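Q: A single structure is presented below for examination.
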Amino acid sequence: MNIRTWLRKSPNPVKLLIGKTIVQVPDSRTKWAEIEQTIVSTAEDGDRIACLDAAGAVLRSMTYDCENADETPAAKPGDSELVLLARELNVAADNGARRHEAAYAMAFDRITGLCQTISDRLSAMETMWSKAMLAQARAQADAIVAAARATEAQNGSGESDMMKMLGPMIGPMMAGMASPPAAPPNGSKKAE
């Protein structure tokens, strides 16, 4: 039996009794689809489902059978072939939408996991790179200091030999900091 067709029969229910739970019928454009989804997700085989009016009186009831919940209703004597075809297409579209929803949810979960893994690995690589660069800079500084101390110890004079070694590296940096930047040409004079 098609649950949605059964729900939409006149008179329309205000509430539903699903097993021992009472569910209010929402006042939305897609209320029948929402109620059908609620029934399919919460009802178990053999649960009693009853349509209730505002006073709580039973309008109609059925026993839920999860295996036959999505079947199309039997043809009525006055239905044309087009009506039967429309029913079949409606059921097929609903089933296809459910399958696509599940597939998209699975794909989204996998993409989320992949992005998290990539982010974690990138963070770990950045941390390792930073530590390696810091270790390399410390090693270079220690090598320069060790070479300067060795030179001082060998020559016996400290500062002058160290300046001889570091002078070529520091001199251009100091000269670059001391001189003001050249003014850009304004077009009236040719830059030399």
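Residue numbering for the sequence shown follows this note's numbering, beginning at 4 and increasing consecutively.
We put the beta carbon where it would ideally sit given N, CA and C, even for glycine.
This structure is a prediction, so every number in the text was calculated from the model and none was measured.
1. Where does Thr-24 fall in DSSP's three states?
2. Would you give the residue range spanned by the alpha helix (DSSP H) that Val-17 belongs to?
3. If you run the structure through DSSP and keep just helix, strand and coil, what is Arg-113?
4. In the DSSP assignment, find the unbroken alpha helix (DSSP H) run with Ser-44 in it and report its ends.
5. Going by DSSP, name the residue or residues bridged to Arg-51.
6. Alpha carbon to alpha carbon, what distance is there between Tyr-67 and Glu-47?
7. In terms of alpha-carbon separation, which member of Thr-130, Thr-24 and Ser-64 lies closest to Pro-14?
8. Strictly by DSSP, which residues pair up with Val-61?
9. Just mark Glu-91 as buried or exposed, buried being the case when its beta carbon has 16 or more other beta carbons within 10 Å.
10. According to DSSP, is Ser-122 helix, strand or coil?
A: The answer reads as follows:
1. strand
2. No alpha helix (DSSP H) contains Val-17, which DSSP labels as neither H nor E.
3. helix
4. 34-45
5. Thr-66
6. 7 Å
7. Ser-64
8. Answer by DSSP bridge pairing, in chain order: Leu-55.
9. Glu-91 should be labelled exposed.
10. helix
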